[in-house]
Structure formats: C-alpha cells, structure tokens
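A quick write-up on the structure given underneath.
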Amino acid sequence: MPLVPASDDDFATIRDQLCAEFGQWLEGRHGTTDTGAVVSDADIFLDWRFHYSTGVLDAYDEADIGEFLLGWCPRKLSAPPEAADGICRALSAFVEFLADTGRLRGGFDRAARLMTYTEGLIPAMRTRMADPANFGMAKSLFFDLDQGEALTEDELKDAVQARMDEFNTLPFEQRKAATDRFFDPQPELLELPFTYLPPSPTEVQAAALAAALPRKVEALRDYLGAGKPLTQKGNLKLADGRALVELLDTGDRFDPQHGGTTFKTTSTEHLPGLNFFIDVAKRVRAVRVYQRRLVPVQAWGRRSTVDQAVALARLVVEGGPLTLRGSRYRTIFDLLDELLDAGIVHWLAPLLAHDTEVEFDRIVDVARVVVDEQFGEDDRWRDTFEAITEKDVSRIFTTLEAAGVIEWVDTVAVATRWDDSYPAGGVVRLTALGRHVIADLVPDAGYVLTTVGDLADADGAALIDALGSVSDDQHPAVLAAWQPGRSATERAEMIVTAIADADTAVARLVGFVALERFEPETVAPLVRQLLDSPAAGHAALWLVSHGLADDEAVGDFVTIGVVVDVLAAALDDPDELCRLFTGSLSAEELSSMLDDMWRHPAAETGAVLDALGEHLPDAKLAKAARKAAMRHRSWMANRG
Numbered sequence: 001m002p003l004v005p006a007s008d009d010d011f012a013t014i015r016d017q018l019c020a021e022f023g024q025w026l027e028g029r030h031g032t033t034d035t036g037a038v039v040s041d042a043d044i045f046l047d048w049r050f051h052y053s054t055g056v057l058d059a060y061d062e063a064d065i066g067e068f069l070l071g072w073c074p075r076k077l078s079a080p081p082e083a084a085d086g087i088c089r090a091l092s093a094f095v096e097f098l099a100d101t102g103r104l105r106g107g108f109d110r111a112a113r114l115m116t117y118t119e120g121l122i123p124a125m126r127t128r129m130a131d132p133a134n135f136g137m138a139k140s141l142f143f144d145l146d147q148g149e150a151l152t153e154d155e156l157k158d159a160v161q162a163r164m165d166e167f168n169t170l171p172f173e174q175r176k177a178a179t180d181r182f183f184d185p186q187p188e189l190l191e192l193p194f195t196y197l198p199p200s201p202t203e204v205q206a207a208a209l210a211a212a213l214p215r216k217v218e219a220l221r222d223y224l225g226a227g228k229p230l231t232q233k234g235n236l237k238l239a240d241g242r243a244l245v246e247l248l249d250t251g252d253r254f255d256p257q258h259g260g261t262t263f264k265t266t267s268t269e270h271l272p273g274l275n276f277f278i279d280v281a282k283r284v285r286a287v288r289v290y291q292r293r294l295v296p297v298q299a300w301g302r303r304s305t306v307d308q309a310v311a312l313a314r315l316v317v318e319g320g321p322l323t324l325r326g327s328r329y330r331t332i333f334d335l336l337d338e339l340l341d342a343g344i345v346h347w348l349a350p351l352l353a354h355d356t357e358v359e360f361d362r363i364v365d366v367a368r369v370v371v372d373e374q375f376g377e378d379d380r381w382r383d384t385f386e387a388i389t390e391k392d393v394s395r396i397f398t399t400l401e402a403a404g405v406i407e408w409v410d411t412v413a414v415a416t417r418w419d420d421s422y423p424a425g426g427v428v429r430l431t432a433l434g435r436h437v438i439a440d441l442v443p444d445a446g447y448v449l450t451t452v453g454d455l456a457d458a459d460g461a462a463l464i465d466a467l468g469s470v471s472d473d474q475h476p477a478v479l480a481a482w483q484p485g486r487s488a489t490e491r492a493e494m495i496v497t498a499i500a501d502a503d504t505a506v507a508r509l510v511g512f513v514a515l516e517r518f519e520p521e522t523v524a525p526l527v528r529q530l531l532d533s534p535a536a537g538h539a540a541l542w543l544v545s546h547g548l549a550d551d552e553a554v555g556d557f558v559t560i561g562v563v564v565d566v567l568a569a570a571l572d573d574p575d576e577l578c579r580l581f582t583g584s585l586s587a588e589e590l591s592s593m594l595d596d597m598w599r600h601p602a603a604e605t606g607a608v609l610d611a612l613g614e615h616l617p618d619a620k621l622a623k624a625a626r627k628a629a630m631r632h633r634s635w636m637a638n639r640g
C-alpha cells in the first residue's frame, strides 16, 4: 500500500488502516493499557503530516518531528502541558511500529535515532505548550512593524535597526525581563548514556600541535615583532593587513568584485577574517594594544603548547565563532548568531562517547528547528534564516576545526552567489583536544557526564555499562578505577552478580570480557554459579576454554541462547550479523539453527530473527528467518 496519498479519500483510507494496525500492534507488542489515547495521538500526527507538511507518511527526519512537536502542536493543539509526555511517547511508539512493520524508510536504524530524538523533546514541548502567548523572541520584538502602512525593504531595515537600537538602550534588567520568558526554565539535568574516559596527555598534546589556530596566533605574534602601529581608529595599517591576510590565510579579499563592480578596500577594518584572529589573540592575552601599537604579550609565550591550545579552544566554544565575529552595530542577525553559537556544546556533548561521529547535515536539521522556534513566526525573517542557517553552522564548524576541537571530513563545497563557497556535508568527530575541552563544559550546559572517577563506588552493572561504552584498549583504565579498595574476589563476585541479573545479551557478553581481567582460579567458583542462570551457556564455554571443565560435564548447558546473544550484540552491524550467523555452515544446518532459535525465549530473539530476515543475502534463508520470527512471536504469545 503506498504511503503517499493522492487525495483526501486516499489519506483517510491509509490513515484508518495504519491506526487500526497500530492499535493491534500496541496491544500485542507492548501490552499498552491506554491504546485509544496513543492511537489518537498518532492519528493527529498523520493528519498534520498530510494537511500541513509534505504528505509523505513513511519518511521522517528530526526536522519533521521537531516541527510537529515544538511548532504545530503548541500553536494548534488544545491540551495541557503535561500532555507533551504522552504525545512524544505515542509518536515514538508509532515510529517504532512503522519500522517494525517494514514501512519506515531507513528501517530500524532511522527509527532508533528518531525515537531517541522524540523522547528527548519532552521537556521542550512541555514548556512550549505551557506558554499562552507562544511567541518567539523575534515576533515579540518586531511583530508590530507590520501594522499600518506597508513598508519598503529599506524602510523595514531601518525600522528593525531602530527597534534594536531602542531595545539595546534599555537598562539590563529591563532587557533581561523582556527576553527571559522566551527561554525554557532550567530543565532537569540530562545524564549522558556512556562513561567518559579522558584522552591521555600525549593525545591532547598531539591534537594541540595539529591545531591551526594556535599556529596562526603564533604567526601573528612573530609578525608583530616589537609591535606594529595602529591608525587613529585603532586598526592595523593597510600594508600590514595585506601581509597578514596572506600569512594567516584569513579568507579576506582585497578589492572584491561583485556584479561588475569593484569595492575598494580602504581599511583593515573591512577585513573580518583578519580582525577575528586579532580579536581572539587579544582575548586570550596573546597580544595587546600598548601605546597605539599592537604588540605580543610575553606571558603568552611562557605558556605550554597545550595550555595555549586549550585557552583558544575554550574561547571559541564559549565565545562562539559567529558572536566573536559580530558586527559593530547590533542587528537581528546577531541574535541568530548567538542562538546558533549556544548550540555548540549541545551538538558536541554526545560525541564524548568513544568512537562516535555525527553527520553535519543532522546538526543543521536540528539547528533549523531551533531557529524556527525563535524566529519562524515572523514571515519576513523565516525564509532568510532558513537560507543562511546551513552557512552559519558551517562557519561555526570551520572555526572549531581550526581551533583543533573537531575533525570534519568528507565535506562538499556549496557555491554561493558571491562567487565563493562554504563546506557542508560530511561527518564530524571530536579530537582529543576537543574531548578535553567539551568535557569541562557539559555540566554547565545541563548534562551529567559519568567519568571513570565515578566508578569508585559503583556496582557491577555500572562497570559493565562503562566497559561497553569504551574501546577494548581502555578496559584496563576503567577496571582500575572501579572499586579499587576491594579484593579481586569481591570485585569478581560483583561482576558475576551483574551477569546473572543482566537482561541484555550485550551486558552478559561484556561481563565475561571483564572476567578475563582476573585470574581464572579466582573466578571459576563464581562462574560455576552462573550455570543456573540465563548466562549458563556462556559460563560453560568459559569453563571449558580455561580448562576448568570438559564438554561432557558442562556441554549440555551450551544452547542456542549463546548464539542468540552473540548475534544480538551485532544488531547494529547487519553485515557482521549475517557473517556471524552463516559462518561455514551449510544451508541445511542454518535452517535447523533457525528452527532452534525461534523457540528461545530471550528478549532479543525476535529482533535477531527480524534482522536476519531483512539482511541475509540468501533469499531462501531470509524467508525462513522471517517465518521463524513470526513463529517466535506466536509461541511467545501462547506462553503468556
């Protein structure tokens, strides 16, 4: 059935069928008691999608979810703020349903991202639903400019500037009172779902040495020598400007041309790239103005390379690349700059997890949702800000890359009408320097970051979670920080207890990885206790592999559950999942394995069979896996 309705009648048919199936799915999958309310919320979402959005019912991204929950619902939906919790969770369940029934474009990977994003919007949606005026900042400051006679574009710009000037002359407390109501109240702290292991000093130093911004600041200091004279307006002379633009590769152009007209550069005041470097150097006290000369500060040269790089990186992140380049006269575009700069720590905090990266386009999508929240209700600015958001986020990330905070790879050049271009696309990850700096800033941004130091008094389950969030070569450091005052036997016993209580395959597997760090003789009596637990198969294999038992004694404990656990740990990598499943077995042996798997009651069994049914390259085996998945669900339902 197509999910792009061609008419109102088509939409009504598709919506009714989806909602009916969704209700049945909820009762069978989650045992939801308030099915009617959840289905009703999904019905509203589908109605919005068809009548107010793209009309495509099987493809969504974060921007779509944000527009519905933070834009349309607060404006149109009559419901108390507390309803936000139920609406977000209903939408999350509906996305899961679409993926589970094979309808969602992007499958389970996209569903997982959208579900996490949707439930993360609950506090923001609750706040917006509670705002009776529901005005963004831009509308509050400028909404009455369209009253009376129509304004020309120049008159509108003058009016906007006059309003900004008027606003900026108000006392601070009055300005604060006028704008505070547009910002969410202090939300509950959000705990990041991983354990942070700081980079080593050697890694931070290597990243600091590779960063471009510290080198350019040093090049500026070297050029200044004993100092360079400034003009009456406090700018470097034009000759020095020309030399520094080339030396520092600031991106400025002298005498730029546009539309057949040459714009003569008469002052270094009009070289924003150069002035950014000078301003940054001043703010970190690498240079200063003394007796109308720009001179190096000797104390900066006595700081270590790492200290210099950290100071510059913190300034860029906290000051904001766009704000630091701000214009002399405050305009509405400065408000946009500040809004986007404020997102840096929020965008980068999830990248503190080991070996994590994010698509640049996803960050732009999130930024556009936030910009639309603040400025989208004023029609005159919506399209303008929509058009420049990607370029502004690119400017932010270009500066973060120069400061050594991030690595940004696989970018593409986007041409502009000014005969230049900016990078976009690709993926972003933190450098060791970036991890060092961002980790210090996330608490003030409203996040709880668990570090290895927090594991000193943690239980075995917390240790297993921590080990699962870092690379194998970091396991010794994590284990060393965990319960250092206990004996090896006590620590091993805590891990074994956590394995016995674990409700996921990954936790069981990681638990046994942790036990490899202990002497087998210490662990063996404890592992034998696991022969009477869901981890019995793993325990038996561990005992055999360490020569502490033979197949005849414990072989019967090794069941299909071990295979399911191993496959479940690879659900995020379908190719690896299929490789692990097929191995060197024949088609007949694999079919027999599927018959055994569907009778295994583990929570992960259904997901493993679904993934095999979707990704196995052998069509016959894939069909058998899908059949096994259906038999498994029917069998589980009959078991009660």
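Residue numbers for the sequence shown follow this note's numbering, so the first one is 1 and each next one is one higher. C-beta atoms are modelled at their ideal positions from N, C-alpha and C, and glycine is treated no differently. From a predicted model like this one, the values you see are computed outputs, not experimental measurements.
Exercise for the section: Quick one: residues in its chain with C-beta nearer than 6 Å to the C-beta of residue 283, no 5 flanking neighbours on either side, listed in chain order? Expected result: The residue you call residue 283 lines up with position 283 of the sequence shown. Contacts found: 315.
Handout entry: residue 334 versus residue 211: straight-line alpha-carbon distance, rounded
Key = Counting from one through the sequence shown, the residue named residue 334 turns up at place 334. Counting from one through the sequence shown, the residue named residue 211 turns up at place 211. C-alpha separation (whole angstroms): 27 Å.
Practice task
From the DSSP output, in three-state form, read off residue 261 for me.
Solution key: Position 261 of the sequence shown, counting from 1, holds the residue named residue 261. Residue state, collapsed to three classes: strand.
Problem - Boundaries (first-last residue) of the beta strand (DSSP E) holding residue 347 - result: Position 347 of the sequence shown, counted from the first residue, corresponds to residue 347. Taken as a continuous stretch (DSSP letters only), residue 347 belongs to no beta strand (DSSP E), being part of the alpha helix (DSSP H) at 344 to 348.
Exercise for the section: Return the CA-CA distance between residue 116 and residue 397, expressed in angstroms with no decimal places. Expected result: Here residue 116 refers to the residue found at position 116 when the sequence shown is read from its first residue. Here residue 397 refers to the residue found at position 397 when the sequence shown is read from its first residue. Looking at the backbone, the Cα of residue 116 and that of residue 397 are separated by about 24 Å.
Exercise for the section: Could you check which residue in 600, 599, 516 and 594 has the C-alpha nearest to that of residue 613? Expected result: Along the sequence shown, one-based indexing puts residue 613 at 613. If you compare the alpha carbons of 600, 599, 516 and 594 with that of residue 613, the shortest gap goes to 594.
Problem - Given residue 404 as reference, the closest of 223, 312 and 608 once Cα atoms are compared - result: Sequence index remark: in the sequence shown, residue 404 carries index 404 (1-based). The residue from 223, 312 and 608 with its alpha-carbon nearest to that of residue 404 is 312.
Practice task
Check whether the Cβ atoms of residue 274 and residue 248 sit closer than 9 Å, and answer yes or no.
Solution key: Sequence index remark: in the sequence shown, residue 274 carries index 274 (1-based). Sequence index remark: in the sequence shown, residue 248 carries index 248 (1-based). Yes, the pair counts as a contact, with Cβ atoms nearer than the cut-off.
Exercise for the section: Taking residue 447 as part of the beta strand (DSSP E), name the residues at either end of that continuous run. Expected result: For this step, residue 447 is matched to residue 447 along the sequence shown. Going by DSSP, residue 447 is part of the beta strand (DSSP E) stretching over 447 to 451.
Exercise for the section: Using alpha carbons as the reference points, say which of 382, 372, 363 and 417 lies closest to residue 394. Expected result: Here residue 394 corresponds to residue number 394 of the sequence shown, with the count starting at 1. It is 363.
Problem - Other residues of its chain near residue 455: CB distance less than 8 Å, five sequence neighbours each side excluded - result: Locating residue 455 in the sequence shown gives position 455, where the first residue counts as 1. Excluding residues within five positions, the ones whose Cβ falls inside 8 Å are 195, 462, 463, 466, 478, 481, 482 and 483.
Handout entry: Straight-line gap, residue 18 to residue 90 (C-alpha atoms, nearest Å)
Key = One-based indexing of the sequence shown puts residue 18 at position 18. One-based indexing of the sequence shown puts residue 90 at position 90. Taking the straight line from one Cα to the other gives about 14 Å.
Problem - Exposure label - residue 263; buried when at least 16 CB within 10 Å - result: Start at 1 with the first residue of the sequence shown, and residue 263 comes out as number 263. The residue in question, residue 263, is exposed, as its Cβ has fewer than 16 Cβ neighbours within 10 Å.
Handout entry: 8 Å Cβ shell around residue 602 - same chain, five flanking residues per side excluded
Key = Sequence index remark: in the sequence shown, residue 602 carries index 602 (1-based). Answer for residue 602: 505, 534, 561, 564, 565 and 568, listed in chain order.
Problem - For residue 190, the first and last residue of its enclosing beta strand (DSSP E) - result: The residue labelled residue 190 in the question sits at position 190 within the sequence shown. That run of the beta strand (DSSP E) goes 190 to 196.
Exercise for the section: Determine the direct distance from the alpha carbon of residue 209 to that of residue 305, and round the result to whole angstroms. Expected result: Here residue 305 refers to the residue found at position 305 when the sequence shown is read from its first residue. Here residue 209 refers to the residue found at position 209 when the sequence shown is read from its first residue. Taking the straight line joining both Cα atoms gives about 7 Å.
Exercise for the section: Less than 8 Å between the CB atoms is what I'm expecting for residue 69 and residue 87, so what's the real figure, rounded? Expected result: In the sequence shown, the residue the question calls residue 69 occupies position 69. In the sequence shown, the residue the question calls residue 87 occupies position 87. The Cβ separation is near 7 Å, so the contact holds.
Practice task
Give the DSSP-derived three-state secondary structure of residue 20 in the structure shown.
Solution key: As a working note, residue 20 is residue 20 in the sequence shown. It is helical.
Exercise for the section: Measure from the alpha carbon of residue 344 to the alpha carbon of each residue in 355, 322 and 353, then state which is nearest. Expected result: Locating residue 344 in the sequence shown gives position 344, where the first residue counts as 1. The shortest Cα separation from residue 344 among 355, 322 and 353 belongs to 322.
Problem - Alpha carbon of residue 153 to alpha carbon of residue 278, nearest angstrom - result: Working through the sequence shown from its first residue, we reach residue 153 at position 153. Working through the sequence shown from its first residue, we reach residue 278 at position 278. Per-residue confidence for residue 153 stands at a pLDDT of 49, beneath the threshold of 50, marking its modelled position as unreliable; the derived number appears in the next sentence. Straight-line Cα distance between these residues: approximately 35 Å.
Practice task
Return the chain-ordered list of same chain residues with a C-beta closer than 8 Å to the C-beta of residue 354, the five sequence neighbours on each side being excluded.
Solution key: Residue numbering aside, residue 354 sits at position 354 when the sequence shown is read from its first letter. The residues are 194, 197, 469, 470, 471 and 474.
Exercise for the section: Would you identify the three-state DSSP class for residue 482, choosing helix, strand or coil? Expected result: By one-based count along the sequence shown, residue 482 stands at place 482. The answer is coil: DSSP assigns residue 482 none of H, G, I, E or B.
Handout entry: 7 Å Cβ shell around residue 14 - same chain, five flanking residues per side excluded
Key = Here the question's residue 14 lines up with position 14 in the sequence shown. Within the same chain, residue 14 has close Cβ partners 1, 3, 5 and 57.
Handout entry: Inside the stretch 514 to 563 only - alpha helix (DSSP H) runs reaching at least 4 residues
Key = Whole alpha helix (DSSP H) segments, 4+ residues: 520 to 529, 536 to 545 and 551 to 554.
Handout entry: Proximity winner among 82, 392, 411 and 610, relative to residue 123 (alpha-carbon distances)
Key = Taking the first residue of the sequence shown as position 1, residue 123 is located at position 123. Residue 82 is the option with its Cα nearest to residue 123.
Practice task
Give every residue of the same chain whose Cβ lies closer than 7 Å to the Cβ of residue 105, excluding the five residues on either side of it in the sequence, and list them in chain order.
Solution key: The residue labelled residue 105 in the question sits at position 105 within the sequence shown. Only 58 and 59 meet the Cβ criterion.
Practice task
Please classify residue 96: is it buried, with 16 or more other beta-carbons within 10 angstroms of its beta-carbon, or exposed?
Solution key: Taking the first residue of the sequence shown as 1, we reach residue 96 at position 96. When all chains shown are included, residue 96 counts as buried.
Exercise for the section: Mind checking which residues open and close the alpha helix (DSSP H) that includes residue 221? Expected result: The sequence position of residue 221 within the sequence shown is 221, counting from 1. 212 to 224 is the extent of the alpha helix (DSSP H) around residue 221.
Problem - Cβ pair residue 190, residue 93 closer than 9 Å - result: In the sequence shown, counting from the first residue as 1, residue 190 sits at position 190. In the sequence shown, counting from the first residue as 1, residue 93 sits at position 93. Taking 9 Å as the Cβ cut-off, residue 190 and residue 93 do not qualify as a contacting pair.
Practice task
Taking residue 660 as the reference, give the member of 347, 446 and 375 with the closest Cα.
Solution key: Residue coverage of the chain in this structure runs from 1 to 640, which leaves residue 660 outside it and unanswerable.
Exercise for the section: Check whether the Cβ atoms of residue 310 and residue 433 lie closer than 9 Å to each other. Expected result: Locating residue 310 in the sequence shown gives position 310, where the first residue counts as 1. Locating residue 433 in the sequence shown gives position 433, where the first residue counts as 1. Yes.
Practice task
Could you tell me the distance, in whole angstroms, from the CA atom of residue 607 to the CA atom of residue 42?
Solution key: Within the sequence shown, the letter at position 607 stands for residue 607. Within the sequence shown, the letter at position 42 stands for residue 42. If you take the alpha carbons of residue 607 and residue 42, they lie about 24 Å apart.
Practice task
Could you spell out the range, first to last residue, of the alpha helix (DSSP H) harbouring residue 423?
Solution key: Stepping through the sequence shown from its first residue, residue 423 is reached at position 423. Where residue 423 is concerned, there is no enclosing alpha helix (DSSP H), although the beta strand (DSSP E) it sits in stretches over 421 to 424.
Practice task
Determine which residues share a DSSP beta bridge with residue 408 and list them.
Solution key: As a first step, residue 408 is located in the sequence shown; it is residue number 408 there, counting from the start. 428.
Problem - For residue 296, the three-state DSSP class (helix, strand or coil) - result: Translated into the one-based positions of the sequence shown, residue 296 becomes position 296. In the structure shown, residue 296 sits in a strand (DSSP, three-state: E or B).
Problem - Burial state of residue 647 (16 or more Cβ within 10 Å) - result: With the chain covering only 1 through 640, there is no way to say anything about residue 647.
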